[in-house]
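Using my numbering, the letters of the sequence shown map in sequence onto residues 1 to 233.
Using N, Cα and C, we set each Cβ at its ideal position, and we do this for glycine too.
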Amino acid sequence: MKNDKETYGNLRQLLALEARYVARPEVLDEFLAGGTPVRLDTYGAMIDAGEFNPDIYVVKEGLVRGTYMDKNIEKTAGFALPGTLLISFHCYYGGEPSYYRFEACCPTTVIRIPRDYFDDYLHRSHEFALWVMSAHQNQLFYNECKNQVLSGDAKSRLLQLTRRLSGLVDGSWLHENDTPDNHDQRVKTELYTRWKAIFRIVPSKIIASYLGITEQHLSKIKRQIITSGELLK
1 MKNDKETYGN LRQLLALEAR YVARPEVLDE FLAGGTPVRL DTYGAMIDAG
51 EFNPDIYVVK EGLVRGTYMD KNIEKTAGFA LPGTLLISFH CYYGGEPSYY
101 RFEACCPTTV IRIPRDYFDD YLHRSHEFAL WVMSAHQNQL FYNECKNQVL
151 SGDAKSRLLQ LTRRLSGLVD GSWLHENDTP DNHDQRVKTE LYTRWKAIFR
201 IVPSKIIASY LGITEQHLSK IKRQIITSGE LLK
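Okay, structure coming up:
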């Protein structure tokens, strides 16, 4: 399948933020060119728990969350915004059925890249392999940050989650002629805009399950943050 590069131009820019290692645009274009768009309805499964699916996914539009069962309680492991690279490592690395269920929080489009294509490209392109390694390091960093986030009080947990959900590694996506001060303000504005959109998309009970607080407590904190504009401070 040959993808329209104009269609994936913005997606490629978001995907580049998955790693600190900077790959040339054509490297990521070739990666995306091996994929096929898959459209998911709200709560539709990208990969279901217990399913064996070692393919690689990139969120193009919408929002995906990972869930798992803790005894009889469904818990949220994390969220994936456009540009996020998603893999069930139980399937890809362990050769086992997926532990997580990856589902859409709203009508969502993901790009499904077959594992064979992904593995072949890793062997063919040293630059792509370095980018993937850096992206995986970022995911490990995110997992450590998640533990840090969940160790604070409820309000600080929510503020930190906002920043992690942004998908921003640094300000490299901004205009080259921006000053450092402009960088900071534009990043903060982007965070605020994205988080307000997520508030509209994701039910409070889902975010509360991720933060480990009640839905009522979350609603109170959300109102405080949005009305005060605290994310922009």
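- Annotation for Tyr68: no alpha helix (DSSP H) segment contains it, though the beta strand (DSSP E) segment containing it runs Val64 to Asp70.
- Residue environment: Thr42 is assigned as exposed (fewer than 16 neighbouring CB atoms within 10 Å of its CB, all protein chains considered).
- Here Phe79 is bridged, per DSSP, to Arg65.
- Take Asn138, set aside five residues on each side of it, and the residues of its chain with a beta-carbon closer than 8 Å to its own are Glu18, Ala19, Arg20 and Val169, in chain order.
- In this structure, Gly34 places its C-beta atom within 7 Å of the C-beta atom of Ile113.
- Around the C-beta of Ser219, fewer than 16 other C-beta atoms lie within 10 Å, and the residue is accordingly described as exposed.
- Rounded to whole angstroms, the gap between the alpha carbons of Pro54 and Thr214 is 35 Å.
- Take the alpha-carbon of Lys71 and the one of Glu30: they are about 42 Å apart.
- With contact defined as three or more Cβ pairs closer than 8 Å, the segment 60-70 and the segment 115-134 are not in contact.
- Look at Glu74 here: in three-state DSSP terms it is strand.
- Counting along the chain, the unbroken alpha helix (DSSP H) around Phe31 starts and ends at Pro25 to Ala33.
- Membership of Phe118 in the alpha helix (DSSP H) is indicated by the continuous run Arg115 to Arg124.
- A straight line joining the alpha-carbon of Asp119 with that of Leu211 spans about 35 Å.
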